[in-house]
Ligand code: ADP
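Residue numbers (the working numbering): 133 to 332.
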């Protein structure tokens with residue numbers, strides 16, 4: 133069985149930067165955020181289920197998901213979030229499992245901002261946390277997305293606290309320097325994962 137590494141970290145911690153580096157080493161990466169978008173694309177059974185659950189208003193005139201309308205609805209109706217997650221989470225999980233299974237690199241990475249929060253770490257054999265202080269998270273995420281600091285702080289508050297993720301992760305890389313420093317820290321881990329993939 134292929135060795136599966138779960139890679140996580142809060143918003144702006146450097147998850148994408150790390151996973152791009154691993155991809156550069158020839159490692160297949162399954163991104164839970166991308167899968168979450170794929171399962172609600174037009175024509176997907178999950179989108180139909182959402183439409184049947186909430187009504188036709190969830191679709192835009194072109195038949196694609198009206199994310200803003202759904203977001204507003206969930207904000208007003210706390211139960212709606214649960215209903216939506218009951219539809220989307222199993223579909224996301226199924227697709228992640230399929231994509232991990234189809235990957236052909238020596239080991240495979242599942243990158244997810246909510247790896248622990250959504251129990252996706254259960255799909256992996258080992259976890260790596262890309263860690264950064266809240267100040268760095270805010271500085272990086274705000275310069276990347278031009279999101280305002282309030283929004284980023286809200287996202288951080290909704291994610292599992294950093295300290296708890298540190299307790300759960302098998303490996304931790306503190307991304308507090310230049311990008312090259314991050315890559316230097318990832319190299320020995322990559323070698324360990326390669327070695328481990330040979331024995332699994
Ligand atoms: P995440 O995927 O965890 O939200 P990203 O990997 O997208 O975070 O990083 C957020 C932003 O900060 C990106 O623009 C990225 O290029 C930048 N970044 C990440 N790590 C570093 C670093 N060590 N030095 C400088 N910029 C960084």
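Don't be surprised by glycine CBs; every beta carbon is placed ideally from N, CA and C.
Could you check whether residue j and residue i sit closer than 9 Å to each other, using their CB atoms as the reference points?
| i | j | result |
| --- | --- | --- |
| residue 325 | residue 258 | yes |
| residue 138 | residue 264 | no |
| residue 303 | residue 321 | yes |
| residue 224 | residue 164 | yes |
| residue 269 | residue 144 | yes |
| residue 140 | residue 290 | no |
| residue 134 | residue 240 | yes |
| residue 186 | residue 212 | yes |
| residue 136 | residue 256 | yes |
| residue 319 | residue 306 | no |
| residue 216 | residue 182 | yes |
| residue 210 | residue 330 | no |
| residue 274 | residue 284 | yes |
| residue 246 | residue 292 | yes |
| residue 294 | residue 266 | yes |
Is it the case that the CB of residue i approaches a heavy atom of the ligand ADP more closely than 8 Å?
| i | result |
| --- | --- |
| residue 138 | no |
| residue 262 | yes |
| residue 156 | no |
| residue 297 | no |
| residue 280 | no |
| residue 149 | yes |
| residue 141 | yes |
| residue 244 | no |
| residue 169 | no |
| residue 321 | no |
| residue 265 | no |
| residue 341 | Given that the chain is displayed from residue 133 to residue 332, the structure contains no residue 341 and the question cannot be resolved. |
| residue 273 | yes |
| residue 311 | yes |
| residue 121 | A question about residue 121 goes unanswered here, because the residues of the chain that appear run from 133 up to 332. |
| residue 294 | no |
What are the residues that DSSP puts in a beta bridge with residue i?
| i | result |
| --- | --- |
| residue 232 | BP columns for residue 232 are empty, so no partner. |
| residue 303 | 260 |
| residue 163 | 243 |
| residue 135 | 239 |
| residue 197 | 191 |
Original post:
Using 8 Å as the Cβ pair cut-off and three pairs as the minimum, do the segment 163-180 and the segment 220-234 touch?
Top reply: yes
**OP:** Would you check if there are 3 or more beta carbon pairs closer than 8 Å linking the segment 156-169 to the segment 232-239?
**Re:** yes
Original post:
Are there three or more Cβ pairs, one per stretch, closer than 8 Å when the segment 188-198 is compared with the segment 143-153?
Top reply: They do not touch, by the three-pair rule.
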